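Q:
Residue numbers (this note's numbering), protein chains in the order written: chain A, 345 to 824; chain B, 715 to 959.
#1: Indicate whether residue 533 of chain A and residue 492 of chain A have their beta-carbon atoms separated by less than 8 Å.
#2: Buried or exposed: residue 365 of chain A, going by 16 or more other Cβ atoms within 10 Å of its Cβ?
#3: Select from the segment 674-707 of chain A all residues with a C-beta closer than 9 Å to any C-beta belonging to chain D, and list them in chain order.
#4: If you run the structure through DSSP and keep just helix, strand and coil, what is residue 890 of chain B?
#5: Beta-carbon of residue 561 of chain A versus every beta-carbon of chain B: anything under 8 Å?
#6: Taking Cβ to Cβ, would you say residue 839 of chain B is nearer than 8 Å to residue 885 of chain B?
#7: Closer than 6 Å by C-beta to residue 731 of chain A: which residues in its own chain qualify, once you throw out the five before and the five after it? Chain order, please.
#8: Which full runs of the alpha helix (DSSP H) of 4+ residues lie inside the segment 507-591 of chain A, going along the chain?
#9: Taking the alpha-carbon positions, what's the residue 327 of chain A to residue 611 of chain A distance?
#10: By the criterion of Cβ-Cβ separation under 7 Å, what are the contact partners of residue 773 of chain A in chain B?
#11: I'd like to know whether the C-beta of residue 944 of chain B is nearer than 8 Å to at least one C-beta of chain A.
#12: Rounded C-beta distance between residue 577 of chain A and residue 749 of chain A? I'm assuming under 8 Å.
#13: Looking at chain B, which residues of the segment 710-742 of chain A have a Cβ within less than 9 Å of any of its Cβ atoms?
#14: Any contact between the segment 860-873 of chain B and the segment 813-826 of chain B? By contact I mean 3 or more CB pairs, one from each, below 8 Å.
#15: Write down the C-beta distance between residue 924 of chain B and residue 893 of chain B rounded to the nearest angstrom, noting that I regard them as a contact closer than 8 Å.
#16: Using a Cβ-Cβ cut-off of 8 Å (strictly less than) and excluding sequence neighbours within five positions of residue 827 of chain A, which residues of its own chain qualify?
#17: Thinking C-beta only, is residue 494 of chain A closer than 8 Å to residue 568 of chain A?
#18: Spell out whether any CB of chain A is found under 8 Å from the CB atom of residue 839 of chain B.
#19: Helix, strand or coil, according to DSSP, for residue 498 of chain A in the structure here?
#20: Specify the secondary structure class of residue 782 of chain A as computed by DSSP and reduced to three states.
#21: Under DSSP, the alpha helix (DSSP H) around residue 685 of chain A begins and ends at which residues?
#22: Quick check on this structure: which residue in B:772, B:948 and B:809 has the alpha carbon closest to the alpha carbon of residue 823 of chain B?
#23: Figure out for me which residue from A:641, A:754 and A:821 has the closest Cα to the Cα of residue 403 of chain A.
#24: With which residues is residue 942 of chain B paired in a DSSP beta bridge?
#25: Compare the C-alpha of residue 709 of chain A against each of A:666, A:793, A:545 and A:608 and name the closest.
#26: Along the chain, which unbroken stretches of the alpha helix (DSSP H) at least 4 residues long are found entirely within the segment 808-834 of chain B?
#27: Expressed to the nearest angstrom, what Euclidean distance is found between the alpha-carbon atoms of residue 367 of chain A and residue 375 of chain A?
#28: Is residue 605 of chain A helix, strand or coil by DSSP?
#29: Straight-line CA distance for residue 638 of chain A to residue 807 of chain B?
#30: What's the C-alpha gap between residue 524 of chain A and residue 897 of chain B?
#31: Go to residue 734 of chain A, then tell me how far its beta strand (DSSP E) extends in each direction, as first and last residue.
#32: Using beta carbons (cut-off 8 Å, strictly below), is residue 806 of chain B in contact with chain A?
#33: Residues of chain A with CB closer than 7 Å to the CB of residue 797 of chain B, please, in chain order.
#34: For residue 535 of chain A, which residues in chain B fall below 7 Å Cβ to Cβ?
#35: Can you list the residues of chain B that residue 397 of chain A reaches, using a CB-CB cut of under 7 Å?
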């Protein structure tokens with residue numbers, strides 16, 4: 345009997361029970377929200393320069409963390425553990441800054457321990473024969489990475505479904521994402537905070553599920569239904585079963601750099617805790633920004649993982665440390681950061697973590713495939729799963745395709761049989777193929793130019809480039 | 715001819731300066747070198763105190779600002795471009811420089827103030843557009859513009875489109891610089907250009923855009939005057955656009 349059919353007193357008991365069950369499921373989150381009111385009032389600039397910056401310098405110095413420009417994948421377990429310990433200390437010293445509350449909140453060590461213990465050690469996306477299971481990985485894990493396919497480039501509405509299909513149909517895709525940016529709806533530009541954003545989110549959800557159906561994987565998991573930049577209102581609007589969205593699909597909640605949050609992000613979490621969808625915590629510490637150099641960026645990324653576990657109660661994490669000017673994470677320093685983050689997290693926690701590749705170059709170039717391979721090899725050997733991949737700095741309309749994700753997944757699967765030292769030597773050779781071109785990375789071709797829009801297959805040109813790169817990687821002893 | 719009282723005062727200040735220099739310097743560091751060091755290392759309080767000592771030593775504040783403070787910030791800016799310094803170092807150095815400038819300009823005569831003002835290349839109104847709360851890139855741009863000789867008015871983040879135009883009118887700006895970090899907020903850059911067109915003000919201001927989801931093609935699409943991928947490129951673009959006006 346529903347609550348409204350009961351007598352007044354009975355319905356009151358029932359609704360109280362429903363409410364208490366909801367609070368119990370999400371009690372840690374509400375404790376954090378309550379703690380904001382007691383947080384210390386603090387200016388954002390003071391948090392950045394007087395709290396975070398000196399604390400970060402202190403922990404890096406205390407733990408002797410040093411980036412080696414010759415070694416992208418250190419085989420030094422103690423260094424990885426130092427990065428982890430430094431991150432725990434940073435998280436305890438700095439806590440989190442809630443921007444619109446103008447308050448700074450702190451955590452206790454027990455909070456971190458409890459949050460880590462309660463984090464899921466296994467996660468199922470999708471349903472029935474299309475289900476896939478994400479598990480934590482270890483350094484040099486022989487199990488292949490869990491591969492989450494997607495991109496972040498803006499895409500024209502007339503080919504949006506085709507682009508989504510190009511990801512969903514790839515055999516190595518364990519999940520795929522609707523987070524690719526729909527550029528317009530019925531010819532209307534999508535503007536954040538306006539009704540166009542709501543309609544775009546709804547259409548996004550519908551088309552993402554349609555893409556899965558079209559490629560014969562109707563119940564495939566969608567790890568991120570709409571772009572993480574979208575508002576809470578957009579998530580709520582899109583998150584409906586009649587649009588094909590299920591509890592085994594997810595939404596990403598992005599942090600503010602560095603170690604900050606706000607009520608908009610917390611609102612998303614509150615909704616998702618209620619709806620029961622999968623929550624992904626997304627963060628991209630910026631090397632060159634408040635994180636400083638590679639050492640600071642590695643520590644801040646791990647600290648953010650701990651902080652987000654506490655605040656957002658995510659089922660899984662997705663990090664994308666980023667270079668401040670190159671807007672990619674395939675240069676040597678960022679590959680080192682990815683490796684350190686992966687090793688630190690996988691050696692010390694059971695968090696489910698993926699790293700998103702951020703590539704400077706665009707589709708239908710050899711460079712984009714080398715970048716995809718490089719980040720995937722580093723992530724895989726270092727104990728991470730993969731989110732493959734964002735290309736051409738997410739700047740150029742229609743510049744993304746399933747082929748780049750395929751390359752990353754192929755390289756990741758091959759690298760799961762490698763040791764760190766061997767992978768490091770391989771990375772040195774792959775870096776020679778593209779690193780000096782990073783500043784002027786080629787934009788490449790649009791989806792229309794390098795894919796057949798009917799068969800959703802790469803063009804012969806792109807297939808040929810892919811074959812050449814695969815051959816070159818095989819010659820470098822990658823068993824791809 | 716200066717009055718004996720003033721001469722006597724300056725003489726006493728000179729003696730005091732030499733004594734202070736003897737007490738607080740690194741090897742043979744002069745006062746101005748010490749000021750540069752404090753700016754480069756981002757020590758705001760120390761820079762402020764040193765600026766006071768410089769005034770007490772009767773040094774020309776305009777000369778110190780132009781020759782020492784700006785060159786110290788230029789050094790920091792170059793280190794940032796090379797990836798040796800990062801945003802915190804940049805911001806702390808800027809805070810130290812501003813603290814010193816506040817002290818030095820307070821004692822400046824009107825004529826010197828006018829000279830300093832006249833040396834400004836242009837006036838820029840900068841901010842992150844409506845609905846967007848990301849500001850690292852914008853902060854760096856504002857800082858680098860300031861040390862490159864622009865008068866910069868930073869409106870912060872999530873700035874209403876009309877506010878850019880109102881501020882530009884208020885300060886008689888030459889340039890409006892718009893930053894956006896999300897595809898869903900970059901339409902606000904287009905909105906500013908549209909507002910300027912409809913208000914008949916488009917020809918009055920140079921509009922430059924930047925931010926992760928923007929590109930040269932986007933700038934052309936919205937009829938902005940220029941696009942920069944990085945803050946450093948933004949400064950060069952601003953200098954070029956001002957020269958071309």
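Each residue gets a CB set at the ideal place from its N, CA and C atoms; glycine is no exception.
Small disclaimer: the values here were computed from a predicted structure and weren't measured.
A: Here's the rundown:
#1: Here residue 533 of chain A is taken as the residue at index 189 of the first chain, counted from 1. Here residue 492 of chain A is taken as the residue at index 148 of the first chain, counted from 1. No, these two residues do not count as a Cβ contact at 8 Å.
#2: Translated into the one-based positions of the first chain, residue 365 of chain A becomes position 21. Exposed, because fewer than 16 other Cβ atoms sit within 10 Å of the Cβ of residue 365 of chain A.
#3: Reference to chain D is not applicable here, since the protein chains of this structure are A and B.
#4: Walking along the second chain from the start, residue 890 of chain B turns up at place 176. Three-state DSSP puts residue 890 of chain B in a strand.
#5: Here residue 561 of chain A refers to the residue found at position 217 of the first chain. Output row for residue 561 of chain A: interface = no.
#6: Counted from its first residue, the second chain places residue 839 of chain B at position 125. Counted from its first residue, the second chain places residue 885 of chain B at position 171. Taking 8 Å as the Cβ cut-off, residue 839 of chain B and residue 885 of chain B qualify as a contacting pair.
#7: Here the question's residue 731 of chain A lines up with position 387 in the first chain. Answer for residue 731 of chain A: 492, 662, 698 and 700, listed in chain order.
#8: 539-558 and 576-582
#9: The first residue shown for chain A is 345 and the last is 824, placing residue 327 of chain A beyond what the model contains.
#10: Position 429 of the first chain, counting from 1, holds the residue named residue 773 of chain A. What residue 773 of chain A touches in chain B: nothing, since even the nearest Cβ is about 24 Å away.
#11: Counted from its first residue, the second chain places residue 944 of chain B at position 230. Closer than 8 Å: yes.
#12: Locating residue 577 of chain A in the first chain gives position 233, counting from the first residue. Locating residue 749 of chain A in the first chain gives position 405, counting from the first residue. About 30 Å separates the two Cβ atoms, so there is no contact after all.
#13: 737, 738, 739, 740 and 741
#14: no
#15: Walking along the second chain from the start, residue 924 of chain B turns up at place 210. Walking along the second chain from the start, residue 893 of chain B turns up at place 179. Contact holds; Cβ gap of about 6 Å.
#16: Residue 827 of chain A lies beyond the range of chain A shown here (345 to 824); nothing can be said about it.
#17: By one-based count along the first chain, residue 568 of chain A stands at place 224. By one-based count along the first chain, residue 494 of chain A stands at place 150. Yes.
#18: As a working mapping, residue 839 of chain B is identified with position 125 in the second chain. No, residue 839 of chain B lies away from the interface with chain A (no Cβ there is under 8 Å from its Cβ).
#19: Along the first chain, one-based indexing puts residue 498 of chain A at 154. Strand at residue 498 of chain A.
#20: By 1-based counting over the first chain, the position of residue 782 of chain A is 438. Reduced to three states, the DSSP call for residue 782 of chain A is coil.
#21: On the first chain, position 341 is the one that residue 685 of chain A refers to. 676-692 is the span of the alpha helix (DSSP H), which, as asked, contains residue 685 of chain A.
#22: By one-based count along the second chain, residue 823 of chain B stands at place 109. For residue 823 of chain B, the nearest C-alpha among the options comes from B:772.
#23: In the first chain, counting from the first residue as 1, residue 403 of chain A sits at position 59. Nearest of A:641, A:754 and A:821 to residue 403 of chain A, Cα basis: A:641.
#24: The sequence position of residue 942 of chain B within the second chain is 228, counting from 1. The partner list for residue 942 of chain B (beta bridge, DSSP) reads B:924.
#25: In the first chain, residue 709 of chain A corresponds to position 365, counting from 1. Nearest option by C-alpha distance: A:793.
#26: 824-832
#27: Locating residue 367 of chain A in the first chain gives position 23, counting from the first residue. Locating residue 375 of chain A in the first chain gives position 31, counting from the first residue. If you take the alpha carbons of residue 367 of chain A and residue 375 of chain A, they lie about 10 Å apart.
#28: Residue 605 of chain A sits at position 261 when you count from the first residue of the first chain. Residue 605 of chain A: strand per DSSP, three-state reduction.
#29: Here residue 638 of chain A refers to the residue found at position 294 of the first chain. Here residue 807 of chain B refers to the residue found at position 93 of the second chain. Taking the straight line joining both Cα atoms gives about 21 Å.
#30: Here residue 524 of chain A corresponds to residue number 180 of the first chain, with the count starting at 1. Here residue 897 of chain B corresponds to residue number 183 of the second chain, with the count starting at 1. So the two alpha carbons sit approximately 11 Å from each other.
#31: As a working note, residue 734 of chain A is residue 390 in the first chain. 729-734 is the extent of the beta strand (DSSP E) around residue 734 of chain A.
#32: The count along the second chain starts at 1 and reaches residue 806 of chain B at position 92. Residue 806 of chain B counts as touching chain A.
#33: For this step, residue 797 of chain B is matched to residue 83 along the second chain. Residues of chain A passing the Cβ test: 632.
#34: As a position in the first chain, residue 535 of chain A is number 191, starting the count at 1. Those within 7 Å of residue 535 of chain A in chain B are 898 and 901.
#35: By one-based count along the first chain, residue 397 of chain A stands at place 53. Within 7 Å Cβ-Cβ: 802.
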